[in-house]
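Notes follow once the structure below has been shown.
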Amino acid sequence: MKKFVIILIFVLILAIGSFMYISNYMESSLSPVDINDTTLITVEIPSGSNTTTIANILYEKKLINNVNSFKYLAKKDGYDVLLKAGEFTLSKSMSAKEILDNLVNKSHSNNTINLTIIEGLTLEDTAKSISEQLSLDEGKLLELMKDADKSRASHEFLKDNEDIKDLQGYLLPETYNLYVGMTEEDIIDFLLTQFDKYYENTILSALKNTTLNFEEVIILASIVEKEAMLKEEKPIISGVFINRLEIDMKLQSCATVNYAQGEWKARLSEQDILIDSPYNTYINVGLPPSPINSPGKDSINAVLHPEKVDYLYFLAKGDGSHYFSVTYDEHLKAKENYID
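Position in the sequence shown counted from 1, then plus 55, gives you the working numbering.
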C-alpha cells in the first residue's frame, strides 16, 4: 500500500510538472515574436490555403514562433474553418491570437498611415495633434481620453488600477503605423493596447525593484519628462526626486507649477510658486494627484531604474544640462554661477 501511494504521488508530480511545462511552452510559442517590432509586413495568403499552409507562410515571414502551436490555437478556437485568402498587413508585435483575428476579420484596408504621439503633451494637446494628423474629431478624441472608464474593461493596466480616471500619462509616445479608416474609438483602443503591452512586458517586473506603485511611477515620469532635456540626465533627475520623496522633502518642480497655471514659463516668480493647487509641488509634499503629461519610455524607464545618487538639488545651466548638488549651500553657489 505504501509503495502504491509513493508511486501515485510520483505520477501526480510528474503530471503536474508536465502540465506546467506544456502550458508555459504554449504561452511562449503563441506570444509575439518581437513585442517591440511594429514594422508592418505584407502577407499574401493564396486561395485554397489550409491552416498548415498559412502557418508555414507566417513562420517563414517570422511572424509566429511555432507552426504546430499556431495550428493548435486555430483549431481549438475555431479559426481553422474561417481563415480567408487575401493580402494582410501584420507585424511581429502581434500575438498568434491577434494574427488569427486579422486573418479572419479583415476589417481594415491595407493602406496605412503614420501617427506620432509626442512626449510631454497633455490630453488636450494630444487630441489636437491626433486630429490634425488623421483628420479625426478632436472633441470626440478628447472625450474618450478624459474618461478611463470607457476603456477600462478592455485593458489590463486600467483594470488593475481603478484609481486612474483619465488617460493622461497612458498614451505611450511613439510613431505608430496604423490602418487608414480607423475611428476615434479604434485609435484610443490601439494606443491603450500598446501601453498594455509595455505595462505587462516591462513595467510590472520592474515595479518589484522600486518603492513606488504603478501610478506613482507614471506621475513622477511625467515630471521627469518636463524637467529633463537630456536623455542621460533623466535617471539622475529621477534619483533626485526619489531622494526627496524618501525624506518627505517637497519636490519643488517648476513643471508642476506650470501645469497648475496652464501655461509654460521658463522662469517662475515668487507669486507663481504659491499658486493654490494640488499639483503645486512647491507647497505640497509628495507627488501630484495624477500625471501632468504623457511621458515617453525614456522617462518611465528612468523612474523604474533611477541613478543612485546623493543629490537633493539640480539647477538648469541654460544649455539643456543641469548642475547637481548634495547640499543647499552648493545649490546656492550654483545659482550664483549659472543664474545670478
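We treat Cβ as the ideally placed atom computed from N, Cα and C, and that holds for glycine.
Note that the coordinates shown come from a computational prediction; the quantities given were computed from them, not determined experimentally.
query: If you scan the segment 136 to 180 from start to end, which runs of the beta strand (DSSP E) of 3 or more residues do you find wholly inside it?; result: 141 to 146, 167 to 172
query: Going by alpha carbons, who is nearest to D215 out of L176, E229, N268?; result: N268
query: Taking only three categories from DSSP, how would you classify N335?; result: coil
query: What does DSSP give as the partner residue(s) for T396 in the beta ladder?; result: Absent from the structure is residue 396, since the part of the chain shown begins at 56 and ends at 395.
query: Threshold first: 4 residues or longer. Then list the alpha helix (DSSP H) segments lying entirely within the segment 283 to 358, N to C.; result: 289 to 301, 309 to 316
query: How far does the beta strand (DSSP E) with Y368 in it reach, from first residue to last?; result: 368 to 371
query: Assign E287 to buried or exposed, taking buried as 16 or more other Cβ atoms, counted over all protein chains shown, within 10 Å of its Cβ.; result: exposed
query: Determine the closest residue to L227 out of S209, T177, I302, with distance taken between C-alpha atoms.; result: T177
query: Report back the beta-carbon spacing between S148 and D89 to the nearest angstrom; my notes put them in contact at under 8 Å.; result: 7 Å
query: Starting from H386, trace the alpha helix (DSSP H) in both directions and tell me its first and last residue.; result: 383 to 393
query: Distance check for P344 and S164, CA to CA, integer angstroms please.; result: With a pLDDT of only 49 at S164, under 50, the local geometry of the prediction cannot be trusted, and the value read off the model is given with reservation. When rounded, the distance between both Cα atoms is 41 Å.
query: By the 10 Å Cβ neighbour count, where 16 or more other Cβ atoms means buried, how is E239 classified, buried or exposed?; result: buried
query: Using the beta-carbon count (16 or more within 10 Å), is S380 buried or exposed?; result: buried
query: Using C-beta distances below 6 Å, list every residue in its chain close to F74, excluding the 5 sequence neighbours before and after it, in chain order.; result: With a pLDDT of only 49 at F74, under 50, the local geometry of the prediction cannot be trusted, and the value read off the model is given with reservation. The answer is none, since no qualifying residue turns up.
query: By Cβ distance, which residues of its chain are closer than 8 Å to S376, with the 5 residues on each side in sequence left out?; result: M284, L285, E288
query: Determine the extent of the alpha helix (DSSP H) in which N123 is found, giving its start and end residues.; result: 122 to 131
query: Identify whether D105 lies in helix, strand or coil by the three-state DSSP scheme.; result: Note that residue 105 is Asn in the sequence shown, not Asp. Three-state DSSP puts N105 in coil, outside helix and strand.
query: With 16 as the cutoff for other CB atoms within 10 Å, does A357 come out buried or exposed?; result: buried
query: In chain order, what residues of the same chain have a beta carbon less than 6 Å from the beta carbon of N298, not counting five sequence neighbours either side?; result: L367
query: According to the neighbour-count rule (16 or more other Cβ atoms, all chains shown, within 10 Å of its Cβ), is V272 buried or exposed?; result: buried
query: Which of the three DSSP states, helix, strand or coil, is assigned to N268?; result: coil
query: Alpha carbon to alpha carbon, how far is N121 from D327? Give it in angstroms, no decimals.; result: 59 Å
query: Excluding the 5 residues flanking A371 on each side, which residues of the same chain have their C-beta closer than 6 Å to its C-beta?; result: H377
query: S209 and D244: beta carbons closer than 8 Å?; result: yes
query: What is the DSSP secondary structure of I119, counted as helix, strand or coil?; result: coil
query: For G351, which option in I291, N160, I172, V364 has the closest C-alpha, if you only look at C-alpha atoms?; result: I172
query: Can you tell me which residues form a DSSP beta bridge with V98?; result: F143
query: Taking buried to mean at least 16 other C-beta atoms within 10 Å of its own C-beta, is A140 buried or exposed?; result: exposed
query: Just the C-alpha distance for K390 and V340, rounded to the nearest angstrom, thanks.; result: 23 Å
query: Determine the DSSP secondary structure at S380, reduced to helix, strand or coil.; result: strand
query: Return the first residue and the last residue of the beta strand (DSSP E) that T230 is part of.; result: 229 to 234
query: Quick check: the segment 179 to 194 against the segment 105 to 121, are at least 3 beta-carbon pairs closer than 8 Å?; result: no
query: I think P346 touches I274, with their Cβ atoms under 8 Å apart; what is that distance to the nearest whole Å?; result: 5 Å
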